[in-house]
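Asks: Note that the numbering used here has the sequence shown beginning at 136, numbered continuously upward.
Just passing along the structure, written as structure tokens.
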Amino acid sequence: MALREIVHYGDPILRKVCQSVKDFSKLTKLIDDMFDTMYEESGIGLAANQVGVDLNLFIIDITDIEEEAENIYVFINSQIQESHGESWFEEGCLSIPDVRLDVKRPEFITLKYQDENGEDHVEKFSGHLARAIQHEVDHLNGVFIVDRVSQTAKMTVKKELKTIEKKAVSKSKFRKEFVL
Ligand code: CO
């Protein structure tokens with residue numbers, strides 16, 4: 136088990152559009168570490184740039200929410216092709232500790248992605264899974280939940296954001312290059 140440090144709001148890597156994965160042969164360690172880290176932090180989704188890796192890759196495990204046997208996913212080079220409907224849900228984010236916001240998102244999406252073997256998929260998602268996917272795809276495009284809410288809603292967490300941002304910015308200056 137190897138835990139990675141979670142990068143917080145304010146770190147420049149979380150504002151980047153992440154690079155596409157081209158080499159699928161070296162992802163196993165990164166993916167294993169990301170699952171370890173996500174479970175340790177009790178998260179249900181984690182994007183690669185949240186552990187400082189600039190790659191279009193994210194993982195999701197919503198088994199607890201859906202109460203099904205298995206709901207574990209790895210998505211690579213994801214692109215939302217179509218979305219429709221509307222739903223509101225309170226979201227949290229491992230990169231913005233202790234902040235929760237009601238976020239409006241499309242309820243249904245069509246996602247084009249690749250799996251760990253580089254195989255192409257186009258699939259439709261809805262419900263919690265569609266929401267989690269959109270949250271993580273946002274991360275890989277440099278977008279946070281605070282960018283998805285009104286200015287008024289953002290103001291309610293302004294203080295918390297400032298504190299997190301200050302720490303993350305100074306930490307990012309001392310960060311070494313992250314490895315796969
Ligand atoms: Co997040």
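Beta carbons are placed, not taken as given, at the ideal position from N, Cα and C, and that holds for glycine.
Look at the alpha carbon of Met290 and the alpha carbon of Asp273, and state the distance between them as a whole number of angstroms.
Replies: Residue numbering aside, residue 290 sits at position 155 when the sequence shown is read from its first letter. Residue numbering aside, residue 273 sits at position 138 when the sequence shown is read from its first letter. Computed Cα separation, rounded: 21 Å.
Asks: Taking 6 Å as the limit between beta carbons, can you name the residues of its chain near Gly253, skipping five residues before and five after?
Replies: Sequence index remark: in the sequence shown, residue 253 carries index 118 (1-based). Counting only Cβ-Cβ distances below 6 Å, and skipping sequence neighbours, we find Phe159.
Asks: Measure the alpha-carbon distance for Asp199 versus Lys239 and round it to whole angstroms.
Replies: Along the sequence shown, read from residue 1 onward, the residue named residue 199 stands at position 64. Along the sequence shown, read from residue 1 onward, the residue named residue 239 stands at position 104. Taking the straight line joining both Cα atoms gives about 22 Å.
Asks: By DSSP, does Ala317 sit in helix, in strand, or in coil?
Replies: Any property of residue 317 remains undetermined from this structure, which presents the chain solely from 136 to 315.
Asks: Just list the alpha helix (DSSP H) runs in the segment 266-306, keeping only unbroken ones of 4 residues or longer that don't cross its boundaries, in chain order.
Replies: The segment 266-306 contains these whole alpha helix (DSSP H) runs: 286-290.
Asks: Is the CB-CB distance between Glu295 and Ile231 below 9 Å?
Replies: Counting from 1 along the sequence shown, the entry for residue 295 is found at position 160. Counting from 1 along the sequence shown, the entry for residue 231 is found at position 96. Going by C-beta atoms, Glu295 is nearer than 9 Å to Ile231.
Asks: Output the boundary residues of the alpha helix (DSSP H) element that contains Asp167.
Replies: Residue 167 sits at position 32 when you count from the first residue of the sequence shown. Unbroken alpha helix (DSSP H) run through Asp167: 163-175.
Asks: Report all residues from its chain with a CB closer than 8 Å to the CB of Glu258; omit the five preceding and five following residues, and keep chain order.
Replies: To locate residue 258, count along the sequence shown from 1; it is residue 123. Within the same chain, Glu258 has close Cβ partners Thr245, Leu246, Tyr248.
Asks: Select from Phe309, Gly178, Ser305 the residue whose C-alpha is nearest the C-alpha of Glu271.
Replies: For this step, residue 271 is matched to residue 136 along the sequence shown. Selected option, being the one with the closest Cα: Gly178.
Asks: So, under 8 Å CB-CB, Phe210 and Phe224 are touching, yes? Tell me the CB distance rounded to an integer number of Å.
Replies: On the sequence shown, residue 210 is found 75 positions in, with the first residue counted as 1. On the sequence shown, residue 224 is found 89 positions in, with the first residue counted as 1. Not really, about 19 Å apart at Cβ, beyond 8 Å.
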